[in-house]
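Enquirer:
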């Protein structure tokens with residue numbers, strides 16, 4: 005739905021927030037998405053640095069790990085700053101390779117492990133259904149909320165549908181690749197899963213290219229949000245976002261699942277508020293001349309109320325609870341506001 009709104013209006017995420025939350029109210033969702041995108045970049049840095057250290061320098065201390073994170077982070081930040089066109093080429097190469105190698109790893113694991121039933125009969129611990137759903141939603145909710153940044157140039161319906169199908173198909177395949185091969189090898193890191201199956205060298209190139217392109221987009225989104233808040237041009241904000249991702253990298257990597265759980269409960273209200281507000285006030289989104297509120301307290305109340313419910317209510321699916329609460333808070337606050345204006 006956010007992709008549809010972005011393509012329909014031609015507005016990026018932060019400009020949509022101007023309409024939904026107000027010119028100053030947009031700072032809240034911009035900050036939330038910026039920090040989570042920067043955090044994802046940090047996780048990506050550590051996700052590449054850790055395997056490199058374990059494979060090539062297993063006896064080295066954390067000093068080398070930090071050095072590798074810094075070097076990788078600086079390289080990716082520079083590419084985001086200068087806008088390297090070659091990253092599109094890297095994406096064209098890395099995505100098919102991930103699909104091929106991931107598919108091979110899943111098929112090999114299924115054959116060698118005696119079938120899906122035998123593989124998933126092994127267990128290293130318990131995870132509830134709702135807990136699993138939370139991790140799945142948390143893994144893509146930040147990037148999914150920022151979808152308008154990348155589909156706002158799509159002026160034809162097939163382009164929007166292609167984005168939707170590719171997003172869900174790609175995520176589903178990646179979960180299958182990692183889930184089946186990971187259950188077979190007992191590893192929880194895709195690099196070590198592939199290395200365990202004799203695919204170490206391809207894993208290095210594929211993981212590196214994948215993280216590089218993903219982090220480049222993440223820094224772009226994070227910088228746009230910071231630019232919306234500070235009114236500083238995007239390029240300096242790319243440097244700030246890159247530096248922060250380096251600082252947070254190892255801590256976020258070591259607390260990855262907890263972080264995903266928080267994202268799952270906190271971010272969904274932002275997207276649902278934008279969508280609901282768009283369909284209620286479509287004219288506000290389709291014109292550049294409309295006068296915007298400084299702060300739309302209904303939208304702010306929706307995000308805050310939804311995030312509180314998502315994090316504090318522990319039954320059901322947190323993301324769904326958060327979105328329902330957000331919409332209810334939004335409409336209540338809007339009714340109160342309209343009565344005061346009458």
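In the numbering used here, the protein residues as written are 5 to 346. The beta-carbon is built from N, C-alpha and C at its ideal position, and this holds for glycine as well.
1. When the Cα atoms are used, what is the spatial distance from residue 226 to residue 9?
2. Evaluate residue 76 with the Cβ neighbour count: other Cβ atoms within 10 Å of its Cβ, from every protein chain shown; 16 or more gives buried, anything less gives exposed.
3. Quick check: is any heavy atom of the ligand SAM less than 7 Å from the C-beta of residue 195?
4. How should residue 64 be labelled, buried or exposed, when 16 other C-beta atoms within 10 angstroms of its C-beta is the threshold for buried?
5. Please state whether DSSP places residue 294 in a helix, a strand or coil.
6. If you compare alpha carbons, which of 246, 32, 13, 241 is closest to residue 44?
7. Under the three-state reduction of DSSP, which class applies to residue 221: helix, strand or coil?
8. For residue 235, which of helix, strand or coil comes out of DSSP?
9. Return yes when the Cβ of residue 50 is within less than 8 Å of the Cβ of residue 242, no when it is not.
10. Who are the near neighbours of residue 325 in its chain, counting only those whose CB is closer than 7 Å to its CB and skipping five residues on each side?
11. I'd like the list of long-range same chain contacts for residue 22, defined as Cβ closer than 7 Å, with 5 residues on each side in sequence excluded.
12. Spatial neighbours of residue 276 within its chain, please: CB distance less than 7 Å, with the 5 preceding and 5 following residues excluded, ordered by chain position.
13. Going by C-alpha to C-alpha distance, which of 42, 59, 305, 24 sits closest to residue 203?
Expert: For this structure:
1. Between residue 226 and residue 9, the C-alpha separation is close to 20 Å.
2. Buried, since its Cβ has 16 or more Cβ neighbours within 10 Å.
3. No copy of the ligand SAM occurs in the structure displayed, which carries no ligand at all.
4. Residue environment: residue 64 is assigned as exposed (fewer than 16 neighbouring CB atoms within 10 Å of its CB, all protein chains considered).
5. Coil at residue 294, not helix or strand.
6. Among 246, 32, 13, 241, the Cα nearest to that of residue 44 belongs to 246.
7. Helix at residue 221.
8. Reduced to three states, the DSSP call for residue 235 is coil.
9. Not a contact, by the Cβ cut-off of 8 Å.
10. By the criterion of a C-beta distance shorter than 7 Å, residue 325 is surrounded in its chain by 313, 314, 317, once the five residues flanking it on both sides are discounted.
11. Taken in chain order, the residues that qualify are 30, 296.
12. 327, 330, 331, listed in sequence order.
13. Comparing alpha-carbon positions, the option among 42, 59, 305, 24 lying closest to residue 203 turns out to be 59.
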